[in-house]
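Peer 1: Okay, handing you the structure first.
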Amino acid sequence: MTTVVVTGTGGNGYTVGDVLSATAASIGGTGSGFTWTVSSVSTARGSFTDSVGTHFQIVAEPMVNVRQFGAVLNYTQAGGDGAATNDQPAIQSALNFAGYTFGSPDAGGYSGSTVLVPQGAAKVCGGLMVPTGVILSGVSNIGTSLKQCDSDSSATNFIVLGDPLNRQTSFFLGIWNMTLFGANSGSGGGATMVFTNSAQAPEGLKNVSVYPVYRTCVNSNTGYGGPSIFRITGSYFIPNSSVTPGCISLAHASNNVIDGGTWFSSGGPPWAGPAISITSNGASVNRLVDVHIENIATGVLVNVPAGGSGTMTTLNGVVGNATVTNLINRQTGSASGQLRVDFSAANGATCTVFNSGSCAATANVFGATY
């Protein structure tokens, strides 16, 4: 082997002259592995060298700011995509920089940081990946906006939590305090605004507004890391009643939590929904607490395969309104005896609990298992 090119997270933490090593197993071979010397670093964003050869390194304290890496945040609704700078390279570089790992946290090392996107709106083309241990944060729910490029492929997820190819457990990462606005094109590709198949994130989404437009809102799926926790708290989801294919899909065999006054309301005429689809099959506990749903025909759809291995769902404080048809729908064929509903209110909805093909409750539900 004569040449090694490091891609993805780049040469994060390395400079010209560093000697690196890799085991043979990491490239699918046998023997003693190999070493190589870094000869060049292209498009460095976390450091620079001046005209006399002095090397300068960004020191991000107390957090990484995307402006340090070249983000300009100049998207405006009036100017649209054409008048704005693509801030994806700068924001992704900041995320990579923040994701630097020094030893194992289990052995006294450390990993991750917070990446701040300051007040403003940024155009992002091609999606972002948040590494393990990194929080991507704005200044407030409506103070920072990330706008997906309209030119993105219909198969392009906007933000991915954890490496989607590795699919191993990605700890303590998340998206906080911002608005995510989807591309105004690209139907039918199956993409989502936030995707993960590896997150173990006690606060995966916190104080976030999502306008998915042609994409779904969140897809939490199963990777190789086994059961975990994925939590959405204090957030707001606004599907487009004409074109949004779905909102939140919880298919991860884990402890899925949606709470903290999370709110769903479609823009325009009532949307078919569902706002939340629970299809996880495994040793899972799904908990929805203090969730409000309006202008959406089906609020929560539970479709857990019968004979599954212990998936349980509990809904507490789920509230609809007069624009909702079925606030909670346990689909025909879904496992029975594994859905618990407490202190949930129709608030004008046609049916509070639609159970296996018929309406089982039209009033407030104070405690029942279906």
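The sequence shown begins at 40 in this note's numbering and counts up one residue at a time.
Just so it is clear, CB atoms sit at the ideal spot from N, CA and C, and this is done for glycine as well.
Measuring CB to CB, does S209 end up less than 7 Å from T261?
Peer 2: no
Peer 1: Does the segment 182–189 come within contact of the segment 211–219, defined as at least 3 CB pairs closer than 8 Å?
Peer 2: yes
Peer 1: Quick check on L354: does DSSP put it in helix, strand or coil?
Peer 2: strand
Peer 1: Buried or exposed: D191, going by 16 or more other Cβ atoms within 10 Å of its Cβ?
Peer 2: buried
Peer 1: Are three or more beta carbon pairs between the segment 274–294 and the segment 239–258 nearer than 8 Å?
Peer 2: yes
Peer 1: Give every residue of the same chain whose Cβ lies closer than 6 Å to the Cβ of S288, excluding the five residues on either side of it in the sequence, and list them in chain order.
Peer 2: If the five residues before and after S288 are omitted, its C-beta is found closer than 6 Å to the C-beta atoms of N258, S316, all from its own chain and listed in chain order.
Peer 1: In the DSSP assignment, what residue or residues form a beta bridge with H94?
Peer 2: T88
Peer 1: Identify the residues that DSSP records as bridge partners of H291: which are they?
Peer 2: Per DSSP, none; premise fails for H291.
Peer 1: So, at 8 Å on beta carbons, what are the nonlocal neighbours of S132 in its own chain, with the 5 sequence-adjacent residues on each side left out?
Peer 2: G49, R84, G85, F108, G109
Peer 1: How is the beta strand (DSSP E) around P241 delimited, first residue to last?
Peer 2: 238–250
Peer 1: Under the rule that 16 or more other beta-carbon atoms within 10 Å means buried, what is F87, buried or exposed?
Peer 2: exposed
Peer 1: Count the other CB atoms within 10 Å of the CB of Q1; is the residue buried (16 or more) or exposed (fewer)?
Peer 2: Residue 1 lies beyond the residue range present for the chain, which begins at 40 and ends at 409; the question has no answer from this structure.
Peer 1: Which complete alpha helix (DSSP H) runs does the segment 125–162 hold, if anything under 4 residues is left out?
Peer 2: 127–137
Peer 1: Helix, strand or coil for F108 per DSSP?
Peer 2: helix
Peer 1: Could you give the residue range of the beta strand (DSSP E) that holds M217?
Peer 2: 213–220
Peer 1: Enumerate in chain order the residues of its own chain whose CB-to-CB distance from A194 is below 7 Å, with the five nearest sequence positions on each side excluded.
Peer 2: G228, G229, A230
Peer 1: Does the segment 92–102 come into contact with the segment 119–127, if we say contact requires no fewer than three beta-carbon pairs (one atom in each stretch) closer than 8 Å?
Peer 2: no
Peer 1: Buried or exposed, going by whether 16 or more other CB atoms sit within 10 Å of the CB of P344?
Peer 2: Counting Cβ neighbours within 10 Å, P344 comes out exposed, since fewer than 16 surround it.
Peer 1: Between the Cα of N246 and those of I297, A400, A314, R379, spot the shortest distance and give me the residue it belongs to.
Peer 2: I297
Peer 1: So which of L340, P203, Q239 has the shortest CA-CA distance to G285?
Peer 2: Among L340, P203, Q239, the Cα nearest to that of G285 is on L340.
Peer 1: So, helix, strand or coil for A99, using DSSP?
Peer 2: coil
Peer 1: At what residues does the beta strand (DSSP E) containing W75 begin and finish?
Peer 2: 73–76
Peer 1: Let me make sure I understand the geometry here. Which of G396, N334, N295, P308 has the alpha-carbon closest to that of L327?
Peer 2: N295
Peer 1: Measuring straight from C-alpha to C-alpha, what distance separates L200 and G151?
Peer 2: Spanning the two alpha carbons is a distance of roughly 13 Å.
Peer 1: So for D329, helix, strand or coil by DSSP?
Peer 2: strand
Peer 1: Look at V392 and V380 and say whether their C-beta atoms are less than 7 Å apart.
Peer 2: Less than 7 Å separates the beta-carbon of V392 from that of V380.
Peer 1: Which residues in the same chain as F234 place their Cβ atom closer than 6 Å to its Cβ, once the five residues preceding and following it in sequence are excluded?
Peer 2: N196, V199, N258
Peer 1: Do you know whose CA, among A400, N205, S81, G213, lies nearest L175's CA?
Peer 2: G213
Peer 1: Taking the alpha-carbon of T371 as reference, which of A400, L155, S71, N394 has the nearest alpha-carbon?
Peer 2: N394
Peer 1: As a quick exercise: from V55, T389, W75, V111, pick the residue whose alpha carbon is nearest that of A361.
Peer 2: Here the closest residue by C-alpha is T389.
Peer 1: State the Cα-Cα distance for the pair I181 and L59, rounded to the nearest angstrom.
Peer 2: Those two C-alpha atoms are separated by around 43 Å.
Peer 1: Looking only at its own chain, which residues have a Cβ that is under 7 Å from the Cβ of V55, when we skip the five neighbours before and after it?
Peer 2: V77, S78, S79, V80
Peer 1: Look at the Cβ atom of F303, then the Cβ atom of I271, and state whether they are nearer than 7 Å.
Peer 2: no
Peer 1: Which of helix, strand or coil does DSSP assign to G121?
Peer 2: helix
Peer 1: With a 10 Å radius around its C-beta and 16 neighbouring C-beta atoms as the bar for buried, classify F405 as buried or exposed.
Peer 2: exposed
Peer 1: Comparing alpha-carbon positions, which option in V173, M168, F211 lies nearest P203?
Peer 2: M168
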